[in-house]
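Asks: Quick note on our numbering: the sequence shown kicks off at 2 and runs consecutively.
Quick reminder that beta carbons are idealized off the backbone N, C-alpha and C, glycines included.
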Amino acid sequence: MKKPERTGKIVRTFFFLLLLIIFLGAAVYAGWKRLQVSVKIDPPQQVIVQKKTFIHEILERGSVDSASNVEIRCQVESAGGLTIISVVPEGTIVKKGDLLVELDSSTLRENVTKQRIAVLASKSKLAQSEADLKTAELTLQEYLKGKFEEEKKTIENEIFAAEESVRTQEDNLAFYKRLLERGYVTESKVAADIIELDKAINAKDIAKLKLEVLNTYTKEKNVVQYKAAIASNQAKVESDKQSLRLDEERLEHLENQLTLCRIVAPQDGQVVYYMPRWGGDEDLIKEGKKVFERQILLRLPDPTQMQVKGLVNEANIRLVKVGQTASIRLEAFPNQVFGGIVRVVNDYPEPGNWMGGSMSKEYMTTISILDSPEGIKPGLTAEARITVNEIHNALILPIQAVFEYGTKTYAITFQNGKWNKIEVKTGASNDKEVVILEGVKEEDSIVLGAWAHRDKIDLPKLAPDQEKEEQKTENFDPNTPQTRENRPSNENREQDSVRGGGERNGERGGEQRNTERNTERNTEQSGEQRNTELRQRRERPTERPTERPTERKPDEQTKQTENKQTETKQTEIPKTPEKKPEP
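#1: In the region 372-418, which residue ranges form an unbroken beta strand (DSSP E) of at least 3 residues, counting only runs that do not cross its ends?
#2: When the Cα atoms are used, what is the spatial distance from Ser123 to Pro302?
#3: Which ranges would you report for the alpha helix (DSSP H) in the region 311-354 if only whole runs of at least 4 residues count?
#4: So, with DSSP's three-state summary, where would you put Asp172?
#5: Just the C-alpha distance for Ile23 and Lys10, rounded to the nearest angstrom, thanks.
#6: Would you say the region 414-429 touches the region 369-382, given that touching needs at least three Cβ pairs under 8 Å?
#7: Alpha carbon to alpha carbon, how far is Lys126 from Asp199? Give it in angstroms, no decimals.
#8: For Ser69, does the three-state DSSP call read helix, strand or coil?
#9: Taking only the alpha-carbon atoms, compute the straight-line gap between Arg263 and Asn70 and give it to the nearest angstrom.
#10: Given a threshold of 16 other Cβ atoms within 10 Å of its Cβ, counted over all protein chains shown, does His254 qualify as buried or as exposed?
#11: If distances are taken between C-alpha atoms only, which option among Ala128, Phe16, Leu438 and Glu288 comes closest to Asp234?
#12: Considering Tyr227, what are the terminal residues of the alpha helix (DSSP H) in which it resides?
#13: Beta carbon of Glu157, beta carbon of Leu210: below 9 Å?
#14: Report buried or exposed for Ala266, applying the criterion of at least 16 other Cβ atoms within 10 angstroms of its Cβ.
#15: Does the distance from the CB of Glu434 to the CB of Ile400 come in under 9 Å?
#16: Tell me whether Gln467 sits in a helix, a strand or coil according to DSSP, three-state version.
#17: Relative to the C-alpha of Gly98, which residue among Phe415, Gln268 and Glu288 is closest?
#18: Taking only the alpha-carbon atoms, compute the straight-line gap between Arg386 and Gln416 and give it to the nearest angstrom.
#19: Is Asp241 near Ala119, with beta carbons less than 9 Å apart?
#20: For Gln258, collect the residues of the same chain with a Cβ closer than 7 Å to its Cβ; drop the 5 residues on either side in sequence, then sort them by chain order.
#21: DSSP three-state call for Glu517: helix, strand or coil?
#22: For Leu398, which option in Ala451, Lys205 and Val346 has the closest C-alpha, if you only look at C-alpha atoms?
#23: Among the residues of its own chain, which have a CB less than 8 Å from the CB of Thr140, if the five just before and after it don't count?
#24: On the DSSP bridge assignment, give the partners of Phe15 in chain order.
#25: Comparing C-alpha positions only, which one of Ser107, Thr382, Ser64 and Leu261 sits nearest to Arg74?
#26: Taking the alpha carbon of Pro90 as the reference point, which residue from Ile286, Val224, Glu188 and Ser64 has its own alpha carbon closest?
#27: Please determine, among Glu159, Ala137 and Leu252, the residue with the shortest C-alpha to C-alpha distance to Lys237.
#28: Taking 9 Å as the threshold (C-beta atoms), are Asp66 and Pro379 in contact?
#29: Does DSSP put Pro555 in a helix, in a strand, or in coil?
#30: Using the C-alpha atoms, what's the distance from Val448 back to Thr366?
#31: Is DSSP giving Tyr275 helix, strand or coil here?
#32: When you compare each of Ala201, Gly418, Asp459 and Ala453 to Pro44 by their alpha carbons, which one comes out closest?
#33: Looking only at DSSP bridge pairs, what is Ser369 linked to?
#34: Write down the C-beta distance between Val95 and Gly341 rounded to the nearest angstrom, noting that I regard them as a contact closer than 8 Å.
#35: Any idea if Lys135 is buried or exposed, counting beta-carbon neighbours within 10 angstroms, 16 or more meaning buried?
#36: Mapping the DSSP letters down to three states, classify Leu100 as helix, strand or coil.
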């Protein structure tokens, strides 16, 4: 009886052990499966390669100005300045010929009256000089055709009379000599007749001498004197004419200055008071304030020819060309987008801020606004996006989906738990996207944040010089968004948000709005600079120069390295920790 009982116990024990083994096996299998699931790698974030239009835009912030901006200046000459009597209110819409500013003209009116009297005196003096000249000319003609001929005839008559007297005396002397021979007269009588004959001959000679002196000396002397008088009077007439002309010009100038005391609009437009660049409200024109010659009083912009003036950073200025299109937004018209065309790109940078700050250079760029809306005013804050490149039907990836290693560019794929690299050839890029020329095709799945996953793929060994270059940038992640702590100093341009040739209204009215949008602007400009660095690295030749780059100062290099390490830590995708199997 004992043997069957032992056999039953053995059977029961065998089945119990068998069940225990099955249970333990199931538990071990379940734990192994659970462990396999726990250590399974989560797939990374991926993006699909798309074919669409690539657009590269550059953001420019500035102020609205008029392309036809007439400056109204004080043109009245005054050493001590002129007082403003009246001025049109700022913002007034005026028509051509409307009164803008009236200046005090009392002193000018008094000067005009005095000058008119001076002109009349000069005219009187000139009339007297012209009369004297005419008298001198008539006196010469009178002498040549009257007095000279009269004197000449008189002397000739004297000569004729003297000759007749000589002949008479000669006849008498001959007669008395015959009588003396006959004894009818005495010798004394003949002697007296001889004396009378000598007197007649002397009178004849004197008359001839007088005629010779008249013709040779007296006439020439008088003609010279009369001509000298004429020349003197002619000079006096010219002098008086010149004096009169100067007095009349002076009078005309004063009357013109008097007219300029009333400043009228040369064209249609909207009145904007002039504000100096570093001026304040006390520099604005107003009634009772003194102004000086050539001083700008106000501006008269044409609202139909408006433009945006802004500054483009030196990192992007080589991309901006005259004739490129732009989309413009005005804060005064938040729901409208206006077209624009780049008209001017300055060749030289704007002067730096004397208070210090960023060392980055900026270039003034002017964009014309097409179809300016009604109500647009100078000084409004504007945002322009200049289209510097546009490619249709391009394969596009986010800029974070590729990275450079050495002289090549790679993308990363993740399929069936495996990481693979793809060498790609890139083209144009902006701060968000890059054009892929070779290496991928449409609808391919590419890992986003490739720089953070570069340690999961096998990268080729670099040359020593390339390895050194890579070590300098291995702590910098171009895909990491810039923060306030690690943003480059040359992109912190908050104080320049309203710069760009705007008027006083733009500088005062746009400062608060620009401050609220500085974060967006700095983020986009940071992306632009990172994109520029990528393009520059892609454009470098395969053979690198033997010169070593200039080393930075130790304190700057250390600080920048710490910031870049902070960026890398913030953007790396954390790995899922492996879970140990439960016992």
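Replies: Let's see:
#1: 382-399, 403-406 and 409-416
#2: 46 Å
#3: none
#4: helix
#5: 20 Å
#6: no
#7: 60 Å
#8: coil
#9: 20 Å
#10: exposed
#11: The sequence as given places Asn at residue 234; Asp does not occur at that position. Checked all of Ala128, Phe16, Leu438 and Glu288; the closest Cα to Asn234 is Ala128.
#12: Lys220 to Leu261
#13: no
#14: buried
#15: yes
#16: helix
#17: Gln268
#18: 39 Å
#19: no
#20: Val77, Glu78 and Leu109
#21: Note that Glu517 scores a pLDDT of 44, beneath 50, so its modelled location is shaky and nothing firm can be said.
#22: Ala451
#23: Tyr227 and Ala230
#24: DSSP output for Phe15 lists no bridge partner at all.
#25: Leu261
#26: Ile286
#27: Ala137
#28: yes
#29: For Pro555, the pLDDT reaches just 42, beneath the cut-off of 50, and the residue's location in the model is therefore unreliable, leaving the point undetermined.
#30: 39 Å
#31: coil
#32: Gly418
#33: Gln308 and Ile342
#34: Contact doesn't hold; Cβ gap of about 27 Å is too wide.
#35: exposed
#36: strand
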